[in-house]
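One structure is given below, encoded as structure tokens.
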Amino acid sequence: MPHRILSKLGEIATPAFVVDEERLQRNLQILAHVKKQSGTKILFAIKGCPLMPIFQMISDTLDGFTASGVYEARLAQDGASIETEIHTYCPAYAESEIRELLALQNNIHIYFNSLDQLNRFAPIIRAHNKFAIIGLRVNPALSVAKFAKYDPCRAGSHFGVSPSELTDVDWNLVDTLHVHALCENLAEESAKLITHTGALLKDFLPHVTSINFGGGHFITHPDYKTDVLINALKEFKARFPHLTTVLEPGAAVVYDAGYLVASVLGLQNNDGVQNAVLDASANAHVPDVMKAGVRLSVLGETEDQPGHSYTFVSRTCMARDVWGDYAFAQPLSVGDKIVFADGLQYSLGEANWFNGHPRPDLAMLETGGNIRIWRHFTYADFKHNYST
Ligand SMILES: Cc1ncc(COP(=O)(O)O)c(C=O)c1O
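In this text, residue positions in the sequence shown follow our numbering: the first is 34, and each later residue adds one.
Encoded structure:
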């Protein structure tokens, strides 16, 4: 375990989600480089980590936020400065939600998923706020997402209109087109989406002022070649110079920028399997471990030589609430801290109260080395969810 992290996180109460400020800033610097070199706007898709205390830091570097609906949009308004842009996309809105979005103070962009919703609500938006930007999501039919389960372009997908429907669009109602096809993809797929979109939508792009290439661009991953993305964006801009280009990554902003810290509460050898029972649950706190087969690495685990091997299990009643198998050079003891790396993306937003075990605290390891605890969850928070 890197010394800075070992010495600081060893004292923290568990379970806890801990943002690593230095690593978050490192990601933001990579994104700032892409912005500067490509002239593209970059938004943070809140769903990737809806942690309000980091919003101001993010909006100091990026151009705004992408929300999945009214509540995330309100969180962006509450967590960042009033000038920040808020883009909202939802597969279907209720009319009351459109009115709530229009009541926000920020520079609001509302994206629709169907012509039906566009034709019903865009006139209301135009009448209410002539500065609000209206978007339409198009399904680019490009299946390259890393996890098939998360492929928005799968056959029969409900995400976006098909390009053939664009001939029926009233272009007075649309300012921007939106394509989202990626999930944890590297630069080659980002470039493929950008080039593909240029070819697919060339007849319609003259009608709009911007194009949003969605999320899933894993820009801060060490294998991601930012130059490939920058060149693809520049080529696109050379072809369509009137367009503002937009990316809206979620995962890439917080990738490897924080931890889930847990403690070993019990050790149990059954049928030759050494189970270590943790106070953090895969099922309740990082559901992608169960849903998508994600394996989080643990700081200090041994990869090469056989060590002391453990199956990390959780305290919920779900039999397969299992983190995976981990080996260490030394045996584990009850009370040891387990630090899962890359613990922020899609964990906080999906975490739940299943079985009522305490939810991880929210904290930050500041650049100077201090730990700041933002939130400690108690029984009152649990009760609040299930009582009048
Ligand atoms: C429309 C849209 N934009 C952006 C994102 C963010 O994607 P990621 O966190 O993979 O970058 C998603 C993720 O589901 C999405 O559905």
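Don't be surprised by glycine CBs; every beta carbon is placed ideally from N, CA and C.
If you're wondering where the values come from, they're calculated on a predicted model, not measured in any experiment.
Would you mind sorting P393 into buried or exposed? The rule is 16 or more other CB atoms within 10 Å of its CB.
If you number the sequence shown from 1, residue 393 lands on position 360. So P393 counts as buried.
Quick check on DSSP: helix, strand or coil for Y379?
To locate residue 379, count along the sequence shown from 1; it is residue 346. Here DSSP, grouped into helix, strand and coil, assigns Y379 to coil.
What separation, rounded to the nearest whole angstrom, lies between the Cα atoms of G248 and L215?
Along the sequence shown, one-based indexing puts residue 248 at 215. Along the sequence shown, one-based indexing puts residue 215 at 182. Approximately 6 angstroms, taken between the alpha carbons.
Taking V372 as part of the beta strand (DSSP E), name the residues at either end of that continuous run.
As a working note, residue 372 is residue 339 in the sequence shown. Here the beta strand (DSSP E) through V372 covers 370-374.
Would you kindly work out how many angstroms separate the C-alpha atoms of V212 and V367, rounded to a whole number?
In the sequence shown, counting from the first residue as 1, residue 212 sits at position 179. In the sequence shown, counting from the first residue as 1, residue 367 sits at position 334. Going from the Cα of V212 to the Cα of V367 covers about 49 angstroms.
Segment contact, 8 angstroms Cβ cut-off, at least three pairs: the region 89-108 with the region 64-80:
Enough Cβ pairs lie closer than 8 angstroms, so yes.
Helix, strand or coil: which one does DSSP assign to T335?
One-based indexing of the sequence shown puts residue 335 at position 302. Three-state DSSP puts T335 in coil, outside helix and strand.
Verify the contact flag: H250, CB atom, against every heavy atom of ligand 1, threshold strictly below 8 angstroms.
Taking the sequence shown and counting its residues from 1, the one referred to as residue 250 is at position 217. Yes, ligand 1 has a heavy atom inside 8 angstroms of this Cβ.
Can we count C216 as close to ligand 1, meaning its CB is less than 8 angstroms from some heavy atom?
Mapped onto the sequence shown, residue 216 falls at position 183. Taken from the Cβ of C216, at least one heavy atom of ligand 1 lies inside 8 angstroms.
A232 to L108 span [Cα, whole Å]:
Indexing the sequence shown from 1 puts residue 232 at position 199. Indexing the sequence shown from 1 puts residue 108 at position 75. A direct Cα-Cα distance of roughly 36 angstroms separates A232 from L108.
My understanding is that S347 touches S314, with C-beta atoms under 8 angstroms, so please give their C-beta distance in whole angstroms.
In the sequence shown, the residue the question calls residue 347 occupies position 314. In the sequence shown, the residue the question calls residue 314 occupies position 281. By a beta-carbon distance limit of 8 angstroms, S347 contacts S314. Their separation comes to about 4 angstroms.
Nonlocal neighbours in the same chain, by C-beta distance under 7 angstroms from N385, ignoring five residues either side
Translated into positions along the sequence shown, residue 385 becomes position 352. Excluding residues within five positions, the ones whose Cβ falls inside 7 angstroms are A317.
Suppose you measure from the CA of E336 to the CA of R159; what does that come to, to the nearest Å?
Taking the first residue of the sequence shown as position 1, residue 336 is located at position 303. Taking the first residue of the sequence shown as position 1, residue 159 is located at position 126. When only Cα atoms are considered, E336 and R159 end up about 58 angstroms apart.
Along the alpha helix (DSSP H) that carries K267, what are the first and last residues, could you check?
Position 234 of the sequence shown, counting from 1, holds the residue named residue 267. In this chain, the alpha helix (DSSP H) harbouring K267 covers 259-272.
Measure the Cβ-Cβ separation of V171 and G193 and say whether it is below 9 angstroms.
Within the sequence shown, residue 171 is the residue found at index 138, counting from 1. Within the sequence shown, residue 193 is the residue found at index 160, counting from 1. Cβ distance < 9 angstroms, so V171 and G193 count as in contact.
Once you ignore the five residues that flank Q363 on each side, which residues in its own chain have a CB closer than 6 angstroms to its CB?
Stepping through the sequence shown from its first residue, residue 363 is reached at position 330. The beta carbon of Q363 sits closer than 6 angstroms to none of the beta carbons in its chain outside the five residues before and after it.
Considering Cα atoms alone, identify which of L219, G357, N140, F237 is closest to T200.
As a position in the sequence shown, residue 200 is number 167, starting the count at 1. Nearest C-alpha to T200: F237.
Just to check, is the beta-carbon of G81 closer than 8 angstroms to a non-hydrogen atom of ligand 1?
Counting from 1 along the sequence shown, the entry for residue 81 is found at position 48. The nearest non-hydrogen atom of ligand 1 is less than 8 angstroms from the C-beta of G81.
Counting Cβ pairs, one atom from each stretch, are 3 or more of them under 8 angstroms apart for the region 55-64 and the region 284-297?
Enough Cβ pairs lie closer than 8 angstroms, so yes.
Would you please state the rounded distance, in angstroms, between the beta carbons of P282 and T230? I believe it to be under 8 angstroms.
Locating residue 282 in the sequence shown gives position 249, counting from the first residue. Locating residue 230 in the sequence shown gives position 197, counting from the first residue. The C-beta distance from P282 to T230 rounds to 16 angstroms, too long to fall under 8 angstroms, and the pair is not in contact.
Can you tell me which of the three DSSP states Y104 falls into?
Taking the first residue of the sequence shown as position 1, residue 104 is located at position 71. Three-state result, Y104: helix.
Exposed unless 16 or more other CB atoms sit within 10 angstroms - verdict on Q150
Numbered from 1 along the sequence shown, position 117 holds the residue referred to as residue 150. Burial call: buried.
Taking D358 as part of the beta strand (DSSP E), name the residues at either end of that continuous run.
For this step, residue 358 is matched to residue 325 along the sequence shown. Counting along the chain, the beta strand (DSSP E) containing D358 begins and ends at 355-361.
For the putative contact between F61 and I252, defined by C-beta atoms under 8 angstroms, what is the C-beta separation to the nearest angstrom?
Here residue 61 is taken as the residue at index 28 of the sequence shown, counted from 1. Here residue 252 is taken as the residue at index 219 of the sequence shown, counted from 1. This sequence places Leu at residue 61; Phe is not what is there. Actually they do not touch by this definition, with Cβ atoms about 11 angstroms apart.
Bridge partners for Q301 per DSSP, in chain order?
Numbered from 1 along the sequence shown, position 268 holds the residue referred to as residue 301. DSSP lists N308 as partners of Q301.
Once the 5 residues before and after F387 are set aside, which same chain residues still bring their CB inside 8 angstroms of it?
Here residue 387 refers to the residue found at position 354 of the sequence shown. S314, N316, A317, T349, M351.
Identify the residues that DSSP records as bridge partners of N245: which are they?
As a first step, residue 245 must be located in the sequence shown, where it is residue number 212. For N245, which the question treats as bridged, DSSP gives the partners H211, V279.
Counting C-beta neighbours from all protein chains within 10 Å, is the total for E118 16 or more, i.e. buried, or is it exposed?
Locating residue 118 in the sequence shown gives position 85, where the first residue counts as 1. Counting Cβ neighbours within 10 Å, E118 comes out buried, since at least 16 surround it.
Own chain, CB closer than 8 angstroms to M34, minus 5 neighbours either side, in chain order:
Your numbering for residue 34 matches position 1 in the sequence shown. Note that M34 scores a pLDDT of 45, beneath 50, so its modelled location is shaky; the value from the coordinates is reported in the next line. Once the five neighbours on either side are set aside, the close Cβ partners of M34 are L332, G333, V372.
Per-residue burial, G376 [other beta carbons within 10 Å of its own, 16 or more giving buried]
If you number the sequence shown from 1, residue 376 lands on position 343. Counting Cβ neighbours within 10 Å, G376 comes out buried, since at least 16 surround it.
Examine the Cβ distances between the region 219-229 and the region 261-272 and report whether three or more of them are shorter than 8 angstroms.
Yes: at least three Cβ pairs fall under 8 angstroms.
Just to confirm the assignment, what range does the alpha helix (DSSP H) spanning E55 have?
Here residue 55 refers to the residue found at position 22 when the sequence shown is read from its first residue. Membership of E55 in the alpha helix (DSSP H) is indicated by the continuous run 54-71.
Three-state class that DSSP yields for L219 in the structure shown
Start at 1 with the first residue of the sequence shown, and residue 219 comes out as number 186. In the structure shown, L219 adopts coil according to DSSP, grouped into three states.
For K258, which residues of its own chain have a beta-carbon under 6 angstroms away from its beta-carbon, when the five flanking residues on both sides are left out?
By one-based count along the sequence shown, residue 258 stands at place 225. Cβ neighbours of K258 beyond the five flanking positions: A220.
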